[in-house]
Amino acid sequence: MHKTFKINVHNFNYDLDFETTDFRKNPELYRVGKGEQGVLLVEPYKSEILPFWRFKTEEIAQASAEKIYGLFKNYLQANDFVGADMARKYLQMGYTRARRYANYKGGKKYKDGNTDQTEGLPYPYSSGSSNKGNETFARQADAYTSEKAKAAQIFKKYWDTAKNHPDYLNLKQKFIEKFSQS
């Protein structure tokens, strides 16, 4: 059984210079954050993983998830927690984005509004749709059977395997102990 940590994992530091920070050389600067935070920021992992992240069809999602999971295992073998965590985030993002497109035509969830609901909010709350907070569109009738729904399930399977992988959990524990994030 793995030890439960009482840490503040929600503090992903968006104030870092992501353009020049190499998180492989400076893992102490990395914060796990919540969910997919930092997935499109943390280098060199973004450049290593993003080119393989695709979910247009079930077949493409399968190849993508397999490749990203392979990178995940490579990072684990190298004892590179930051890389493994980033690969886990890409698997999670494969699931969440494919689900968004399965649920809503064109991936658009929120109806248009007259005001920017994100104006003045700090990043990451200012990113994404300016219509966040507005009424949402109805889900697609085939939201659970469409090609995108099948793609999402593929990513979900790999994401669940990654986040529960014993080596990942051990590396995460060691990372938290070494770079206390509280």
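Residues 790 to 971 (the working numbering) are what the sequence shown spells out, left to right. All C-beta atoms, glycine included, are put in the ideal place defined by N, C-alpha and C.
Would residue i and residue j qualify as a contact pair, given that the criterion is a beta-carbon distance under 7 Å?
| i | j | result |
| --- | --- | --- |
| residue 884 | residue 941 | yes |
| residue 943 | residue 879 | no |
| residue 861 | residue 932 | no |
| residue 926 | residue 893 | yes |
| residue 865 | residue 956 | yes |
| residue 964 | residue 870 | yes |
| residue 905 | residue 919 | yes |
| residue 907 | residue 897 | no |
| residue 819 | residue 812 | yes |
| residue 938 | residue 891 | yes |
Which one or two residues does DSSP pair with residue i in a beta bridge?
| i | result |
| --- | --- |
| residue 925 | 899 |
Which residues bound the alpha helix (DSSP H) around residue i?
| i | result |
| --- | --- |
| residue 881 | 870-892 |
| residue 973 | Coverage of the chain is limited to positions 790 through 971, which leaves residue 973 absent and any answer about it impossible. |
| residue 950 | 936-952 |
| residue 858 | 847-866 |
| residue 803 | No alpha helix (DSSP H) holds residue 803; DSSP gives it neither H nor E. |
| residue 837 | 834-838 |
Apply the 10 Å Cβ neighbour rule to residue i and answer buried if 16 or more other Cβ atoms are within range, or exposed otherwise.
| i | result |
| --- | --- |
| residue 836 | exposed |
| residue 910 | exposed |
| residue 853 | buried |
| residue 806 | exposed |
| residue 876 | buried |
| residue 930 | exposed |
| residue 895 | exposed |
| residue 928 | exposed |
| residue 867 | exposed |
Enumerate in chain order the residues of its own chain whose CB-to-CB distance from residue i is below 7 Å, with the five nearest sequence positions on each side excluded.
| i | result |
| --- | --- |
| residue 846 | 936 and 940 |
| residue 873 | 861, 864, 865, 957 and 960 |
| residue 817 | 968 |
Only counting the same chain, and skipping five residues up and downstream in sequence, which positions put a Cβ closer than 6 Å to that of residue i?
| i | result |
| --- | --- |
| residue 881 | 825 and 948 |
So, at 8 Å on beta carbons, what are the nonlocal neighbours of residue i in its own chain, with the 5 sequence-adjacent residues on each side left out?
| i | result |
| --- | --- |
| residue 924 | 899 and 900 |
| residue 856 | 841 |
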